[in-house]
Amino acid sequence: MRQTNDRLLPLVRCALLVAVASCGSEPVGPVGPGQLRVTLHSANSDDAAAVLELSGSGLRAAEVTGGDVFLKQVGNKTRVVIVLNDPGQIDFLLDVDDMSRLPTVTVIEVADHNNQLRGSIADYRATITPSTVIARTGRSE
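Residue numbers for the sequence shown follow the numbering used here, beginning at 6 and rising by one.
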């Protein structure tokens, strides 16, 4: 039995080296210009507006369906304001120069359907995923 393990050891080492070498800095997924979907998650169903801050370079424009979006870019930070016509889940599309470099997103403020700010945004989180749907209203550049 020891002889079999000795013969397998070089193979296992080789497989580990190949696995480690393939874990370089090469991006996984789409590369180059495209659209990302930013979705705000919460337990509330009547969110009507949000202010988010995105950190990253190459952010160009945003689009939302059923509302308006406003962008203010200063250096590497972009402040995004989303105002929905009807309360619900807040999400928008973001045009970027390189889909392999995802921005980070921070929730700054959220308001309900009565324009009242949420007392706490601790349970809010935003996710960023590649988009396959293109919104055509509420575009801001």
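Beta carbons are placed, not taken as given, at the ideal position from N, Cα and C, and that holds for glycine.
Inset, instruction - Give me the Cα-Cα distance between residue 133 and residue 90, rounded to the nearest whole angstrom. - result: Approximately 22 Å between the Cα atoms of the pair.
Inset, instruction - Name the one or two DSSP bridge partners that residue 60 has. - result: Note: residue 60 sits in a beta bridge opposite 82 and 109.
Inset, instruction - Please state if the CB of residue 131 and the CB of residue 45 are separated by a distance shorter than 7 Å. - result: Yes; because the gap between Cβ atoms is below 7 Å, this pair is in contact.
Inset, instruction - With a cut-off of 8 Å on the beta carbons, I'd call residue 36 and residue 105 a contact; round off their distance for me. - result: The distance from the Cβ of residue 36 to that of residue 105 is about 5 Å, consistent with a contact at the 8 Å cut-off.
Legend entry - Limits of the beta strand (DSSP E) - the one that residue 135 falls within: Per DSSP, residue 135 is one residue of the beta strand (DSSP E) stretching across 130-135.
Inset, instruction - Grab me the residues of residue 128's own chain with a C-beta within less than 7 Å of its C-beta, minus the 5 sequence neighbours each way, in chain order. - result: Closer than 7 Å at Cβ, skipping near neighbours: 47 and 48.
Legend entry - residue 114 burial status per 10 Å Cβ neighbour count (16 or more: buried): The residue is exposed, with fewer than 16 neighbouring Cβ atoms inside 10 Å.
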